[in-house]
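Everything below concerns the one structure shown next.
Protein chains: 2
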Amino acid sequence: MDSLKIGIAGVGTVGTCVVVKLLGGAVKDTTITRLAARDINKDRGFKMPESQWTQNALDLADEDDVDVLVELIGGADGTALDLVRAALANKKHIVTANKALLAKHGVELAELAEKNNCILKYEAAVAGGIPVIKALSEGLAANNIFRINGILNGTCNFILTEMETKGAGYEETLSIAQELGYAEDDPTFDVEGIDAAQKLSLLSAIAFGQKPNENDVLTRGISDVAAIDFEFAKGFEAVIRLIARAEKKIKSESSSASISGTSGEVVQVVEPCLVRKTSVLSGISGVTNAVQFETDMVDVILQGPGAGGEATASAVLADIADLSQFMKSGMRVTPHVFGRSVSELVASQSETEVMPSQWYIRLNLKDAPGSMAKVTSILAEHDVSIEEAVQRGPQNGEDHRPVVFITHKCEKSAIKNALVALEAIDVIAKDVNYMPVI
Amino acid sequence: MDSLKIGIAGVGTVGTCVVVKLLGGAVKDTTITRLAARDINKDRGFKMPESQWTQNALDLADEDDVDVLVELIGGADGTALDLVRAALANKKHIVTANKALLAKHGVELAELAEKNNCILKYEAAVAGGIPVIKALSEGLAANNIFRINGILNGTCNFILTEMETKGAGYEETLSIAQELGYAEDDPTFDVEGIDAAQKLSLLSAIAFGQKPNENDVLTRGISDVAAIDFEFAKGFEAVIRLIARAEKKIKSESSSASISGTSGEVVQVVEPCLVRKTSVLSGISGVTNAVQFETDMVDVILQGPGAGGEATASAVLADIADLSQFMKSGMRVTPHVFGRSVSELVASQSETEVMPSQWYIRLNLKDAPGSMAKVTSILAEHDVSIEEAVQRGPQNGEDHRPVVFITHKCEKSAIKNALVALEAIDVIAKDVNYMPVI
Ligand SMILES: NC(=O)c1ccc[n+]([C@@H]2O[C@H](COP(=O)([O-])OP(=O)(O)OC[C@H]3O[C@@H](n4cnc5c(N)ncnc54)[C@H](OP(=O)(O)O)[C@@H]3O)[C@@H](O)[C@H]2O)c1
Ligand SMILES: NC(=O)c1ccc[n+]([C@@H]2O[C@H](COP(=O)([O-])OP(=O)(O)OC[C@H]3O[C@@H](n4cnc5c(N)ncnc54)[C@H](OP(=O)(O)O)[C@@H]3O)[C@@H](O)[C@H]2O)c1
Chain A
1 MDSLKIGIAG
11 VGTVGTCVVV
21 KLLGGAVKDT
31 TITRLAARDI
41 NKDRGFKMPE
51 SQWTQNALDL
61 ADEDDVDVLV
71 ELIGGADGTA
81 LDLVRAALAN
91 KKHIVTANKA
101 LLAKHGVELA
111 ELAEKNNCIL
121 KYEAAVAGGI
131 PVIKALSEGL
141 AANNIFRING
151 ILNGTCNFIL
161 TEMETKGAGY
171 EETLSIAQEL
181 GYAEDDPTFD
191 VEGIDAAQKL
201 SLLSAIAFGQ
211 KPNENDVLTR
221 GISDVAAIDF
231 EFAKGFEAVI
241 RLIARAEKKI
251 KSESSSASIS
261 GTSGEVVQVV
271 EPCLVRKTSV
281 LSGISGVTNA
291 VQFETDMVDV
301 ILQGPGAGGE
311 ATASAVLADI
321 ADLSQFMKSG
331 MRVTPHVFGR
341 SVSELVASQS
351 ETEVMPSQWY
361 IRLNLKDAPG
371 SMAKVTSILA
381 EHDVSIEEAV
391 QRGPQNGEDH
401 RPVVFITHKC
411 EKSAIKNALV
421 ALEAIDVIAK
431 DVNYMPVI
Chain B
1 MDSLKIGIAG
11 VGTVGTCVVV
21 KLLGGAVKDT
31 TITRLAARDI
41 NKDRGFKMPE
51 SQWTQNALDL
61 ADEDDVDVLV
71 ELIGGADGTA
81 LDLVRAALAN
91 KKHIVTANKA
101 LLAKHGVELA
111 ELAEKNNCIL
121 KYEAAVAGGI
131 PVIKALSEGL
141 AANNIFRING
151 ILNGTCNFIL
161 TEMETKGAGY
171 EETLSIAQEL
181 GYAEDDPTFD
191 VEGIDAAQKL
201 SLLSAIAFGQ
211 KPNENDVLTR
221 GISDVAAIDF
231 EFAKGFEAVI
241 RLIARAEKKI
251 KSESSSASIS
261 GTSGEVVQVV
271 EPCLVRKTSV
281 LSGISGVTNA
291 VQFETDMVDV
301 ILQGPGAGGE
311 ATASAVLADI
321 ADLSQFMKSG
331 MRVTPHVFGR
341 SVSELVASQS
351 ETEVMPSQWY
361 IRLNLKDAPG
371 SMAKVTSILA
381 EHDVSIEEAV
391 QRGPQNGEDH
401 RPVVFITHKC
411 EKSAIKNALV
421 ALEAIDVIAK
431 DVNYMPVI
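Just so you know, the sequences run in chain order A and B.
Numbering-wise, UniProt numbering puts 146 at position 146 of the first sequence, and it's gapless, one number per residue.
Numbering-wise, UniProt numbering puts 36 at position 36 of the second sequence, and it's gapless, one number per residue.
Here it is in structure tokens:
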């Protein structure tokens with residue numbers, strides 16, 4: 001049996017671990033033939049012949065001694081995109097950890113892969129070292145997926161659990177995360193939920209047969225979550241997590257006009273949620289990731305490290321091992337990138353409505369007679385009915401004080417309309433927050 | 001592309017769900033061609049032509065219209081064994097949920113499969129609907145597995161969590177479990193840890209390259225766990241779970257004679273453990289199963305339903321889907337049953353020593369001067385040093401009272417020897433329990 005010839009483009013945090021493990025024999029019958037990085041003279045802690053290195057990653061796309069291109073450069077466009085396109089055109093199989101690339105160009109690349117009878121694998125692109133792509137696409141191959149709930153961004157989860165345990169504010173906790181290396185200098189990509197949205201779009205494509213597209217995910221980051229929200233959450237026996245959810249909208253039984261959505265539409269949302277302690281996801285702390293699949297036959301949860309060189313390398317290497325096994329088997333028909341042929345994937349509608357849920361609403365209410373009555377009547381006018389309300393005493397002479405409502409199940413649009421109306425009246429100060437309760 | 005022809009032997013709890021889902025199109029390009037059950041006239045809620053039914057399951061082993069035999073009869077020997085042997089000899093692929101069969105005859109059947117270039121899949125045999133076999137053998141293909149910790153028996157986990165929340169005793173909780181259908185009339189197989197041991201032996205084979213053999217698992221059931229153990233556990237911020245563990249013994253750094261085991265030996269144990277709340281496994285309640293894989297690159301945990309018709313069918317169907325995909329790809333080389341060729345599997349030594357750990361020891365101590373001193377000196381003589389001790393006041397005039405020790409890390413043999421010595425002195429009454437702390 002011939003050895004699988006592997007070209008690795010990008011030898012940074014993840015790539016270095018992949019190389020070291022492959023050199024150590026982690027995947028049988030494989031040989032690293034080519035390596036690409038920007039600086040080919042950097043000491044990376046391992047030795048490979050100089051002749052195998054190149055600064056021009058695109059070289060790897062047309063070398064005869066590359067069967068599989070492992071793309072670990074990163075970025076939605078630029079070199080990573082050019083390289084993967086060129087390699088597929090030259091009938092090379094791809095392994096990548098690049099969620100940004102696939103959430104933007106996944107459909108085009110899957111088409112190219114199909115046309116060239118190539119395999120494109122990306123286990124490491126979602127939830128790092130946890131084999132969630134495999135669990136979903138193969139382990140739950142026969143299941144009808146109802147809903148996916150995920151904690152897909154370690155940076156946000158770290159910040160939120162730190163705020164929870166330390167009682168600290170968002171900005172100061174972000175700084176700590178940056179000092180510890182858990183957040184980038186420019187944290188936008190993580191804290192605004194973009195990274196989680198990219199990952200969700202890939203899971204959602206496999207689960208629901210949609211064209212992956214990060215722009216179809218309604219995304220709201222964690223920067224509005226305040227220390228006080230954790231205090232209130234505690235009182236409700238809940239925590240706050242950035243949850244990535246995708247679900248099929250079920251045609252409503254009732255004919256109520258307030259319930260929208262037709263059968264089969266898929267909603268994808270990333271937003272901070274109030275997660276009750278009864279949910280396993282409430283127990284996921286720090287940089288850990290977790291994904292829950294709710295299906296017609298089982299409900300399973302996987303958890304583990306969502307990032308880090310070794311964890312991510314574990315997933316990359318599993319993809320390489322799969323490819324090796326698959327090529328040994330004959331490769332007459334290659335598996336589809338998103339679980340079905342691209343021609344069968346449907347464009348996902350940009351849904352504006354998520355499924356109805358209970359909501360947590362925090363307002364800053366003027367400490368004056370009648371202000372509570374004004375608020376509750378506006379909520380009622382918008383069909384938002386209240387299950388629980390908690391008001392805190394005014395603190396050090398402030399003339400506003402926080403009040404929190406947990407609503408009965410209702411549409412997000414109702415909440416948003418009510419909030420607009422509320423912000424227009426003079427009894428509410430700035431600094432409002434709302435989250436679904438799960 | 002030809003449809004995969006499926007013969008199903010056993011149409012009970014699991015088989016019926018598999019049939020219904022296949023008829024509903026859960027796995028593309030498959031056709032049920034043959035069905036076997038004892039009573040072929042029973043109404044099972046679906047319709048299949050009479051001609052496809054047989055009472056003689058062995059018929060399915062040599063029908064031309066069967067590519068894949070799905071064995072869902074159960075039992076380590078008898079019809080299930082005869083059938084799988086005959087089907088493999090006739091070059092039929094196998095999907096089974098039968099842990100008892102594989103934990104006893106796995107090596108022989110894997111050899112037969114290899115010889116006949118057949119695939120034998122058994123995702124449903126371990127942890128029901130959770131894709132743990134796939135996660136371990138493919139998702140962690142490149143990893144070096146250090147340890148597996150599992151909650152693999154829903155019956156035991158249900159009983160233990162009921163005892164924990166209700167404060168009830170073992171016998172009375174077992175009766176409740178039996179009434180609810182969570183325990184069999186003869187519960188031995190579950191409560192004595194045999195079922196968990198069978199499953200562990202399969203995971204251990206894949207993880208560590210051993211010949212699976214349930215007899216190599218040191219097994220102790222849950223019948224010695226008493227209500228009072230949960231009270232003490234609570235004080236230590238812990239719960240009690242039946243944990244199935246397999247780990248590689250690492251050659252000890254120190255030369256201390258009390259540390260045994262040479263590098264590379266694998267220990268497999270099923271026993272009740274004191275699980276600290278810091279472990280994810282402490283949060284697994286009721287009939288849920290969970291498996292944790294600790295490896296060189298990642299530490300991942302999967303949880304979900306370990307039994308039930310639909311959950312188990314989900315795993316059976318995933319195996320069928322895999323087979324279908326694999327056969328489309330060409331099938332030049334079939335994957336090995338336990339991750340490597342049978343010739344590479346090593347016989348696992350029946351280890352008598354587990355890795356050293358902390359221990360929970362509960363004694364029933366005579367309420368007399370000097371009795372505590374006697375006990376602690378015997379423990380010290382056996383190199384068992386105490387980290388924490390808790391003694392409860394004597395209750396309603398009893399002359400014995402429970403005392404619990406948490407030891408420092410030590411060998412199980414030291415604990416067992418100390419217990420033998422302790423039981424020989426007159427200050428200890430019957431009803432002693434001990435568990436490792438994890
Ligand atoms: N790090 C994680 O925890 C993690 C987790 C999940 C997924 N991922 C994904 O894995 C991928 C790699 O991430 P990483 O953290 O390993 O990134 P990294 O540490 O920044 O490494 C990037 C590598 O690409 C090389 N490179 C950059 N531009 C290049 C170019 N134009 N031509 C050739 N080589 C070029 C760099 O070369 P030099 O070394 O010479 O600069 C470096 O070796 C990304 O898609 C990322 O999203 C990472
Ligand atoms: N149930 C679970 O939750 C679960 C979970 C994991 C794994 N499993 C495994 O799945 C397998 C099946 O379990 P199950 O719960 O579905 O068992 P079950 O409900 O008892 O069904 C057994 C089936 O086998 C048939 N059968 C028995 N002896 C036969 C014979 N000699 N010839 C032909 N058919 C025969 C029975 O026929 P009749 O219906 O006519 O009696 C019945 O249809 C077992 O290996 C079990 O360990 C089960």
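Note that CB positions come from ideal geometry on N, CA and C, so glycine has one too.
This one's a predicted model, so the numbers in the text were calculated from it and none came from an experiment.
- Put simply, the backbone Cα of serine 385(B) is about 57 angstroms away from that of valine 217(A).
- The alpha-carbon of valine 291(B) is positioned some 49 angstroms away from that of valine 375(A).
- By the criterion of a C-beta distance shorter than 6 angstroms, lysine 99(A) is surrounded in its chain by Ala125, Gln198 and Lys199, once the five residues flanking it on both sides are discounted.
- For glycine 306(B), no beta strand (DSSP E) encloses it, and the DSSP letter there is neither H nor E.
- Residue contact check for phenylalanine 326(B) against chain A: a CB pair falls below 8 angstroms.
- In the DSSP assignment, arginine 85(B) falls within the unbroken alpha helix (DSSP H) covering 78 to 89.
- A check of alpha carbon separations from glycine 12(A) across Phe326(A), Gly45(A) and Arg220(A) identifies Gly45(A) as the nearest.
- For proline 369(B), the closest C-alpha among the options Val427(B), Glu423(B), Ala418(B) and Val420(B) is that of Val427(B).
- CA-CA distance, valine 316(B) to leucine 81(A), rounds to 38 angstroms.
- Put simply, the CB of methionine 435(B) is far from chain A, with every gap to its CB atoms at 8 angstroms or more.
- Listed by position along chain A, the residues whose Cβ is nearer than 7 angstroms to that of glycine 393(B) form an empty set, because the closest Cβ is around 33 angstroms away.
- At a cut-off of 8 angstroms between C-beta atoms, arginine 44(A) does not count as an interface residue with respect to chain B.
- By the CB criterion at 8 angstroms, asparagine 289(B) and glycine 106(B) fall outside the cutoff.
- No Cβ of chain B is located within less than 8 angstroms of the beta carbon of glycine 150(A).
- Here methionine 372(B) carries a helix assignment [DSSP, helix/strand/coil].
- Residue range 4 to 9 is occupied by the beta strand (DSSP E) that includes isoleucine 6(A), with no alpha helix (DSSP H) assigned at that position.
- A straight-line Cα-Cα distance of about 20 angstroms links phenylalanine 236(B) and lysine 412(B).
- Within the chosen limit of 7 angstroms, ligand 2 reaches the beta carbon of arginine 38(B) through at least one heavy atom.
- Between ligand 1 and lysine 99(A), a heavy atom-to-CB distance of less than 7 angstroms is present.
- Under the rule that a run must span 3 or more residues, the beta strand (DSSP E) segments found entirely inside the UniProt domain "ACT" (360 to 437) of chain B read 386 to 391, 400 to 407 and 428 to 437.
- DSSP, reduced to helix, strand and coil, places leucine 242(A) within a strand of the structure shown.
- Going by DSSP, cysteine 273(B) is part of the beta strand (DSSP E) stretching over 266 to 276.
- The Cβ atoms of lysine 121(B) and aspartate 322(B) sit closer than 8 angstroms to each other.
- Put simply, the backbone Cα of arginine 340(A) is about 7 angstroms away from that of glycine 209(A).
- Lysine 248(B) sits close to valine 266(B), with the two beta carbons spaced by under 8 angstroms.
- With fewer than three CB-CB distances shorter than 8 angstroms, the region 170 to 187 of chain A does not count as touching the region 64 to 74 of chain B.
- In this structure, Ser204(B) is the residue among Ser204(B), Leu109(B) and Glu381(B) with its C-alpha nearest to the C-alpha of phenylalanine 146(B).
- Glutamate 138(B) and alanine 227(B) have their C-alpha atoms some 41 angstroms from each other.
- For threonine 288(B), the distance from the CB to the nearest heavy atom of ligand 2 is not below 7 angstroms.
- Contact annotation: alanine 414(B) and histidine 382(B) have beta-carbon atoms nearer than 8 angstroms.
- Per DSSP, valine 342(B) is not a residue of any beta strand (DSSP E), being assigned neither H nor E.
- Assigned with DSSP and collapsed to three states, isoleucine 94(A) falls in strand.
- Of the candidates Val403(B), Ser377(B) and Glu50(B), Val403(B) places its Cα closest to the Cα of glutamate 388(B).
- With respect to the C-alpha of tyrosine 170(B), the residue from Ile151(B), Glu192(B) and Gly150(B) having the closest C-alpha is Glu192(B).
- Residue range 170 to 179 is occupied by the alpha helix (DSSP H) that includes glutamate 179(B).
- For threonine 31(A), the enclosing beta strand (DSSP E) stretches over residues 30 to 36.
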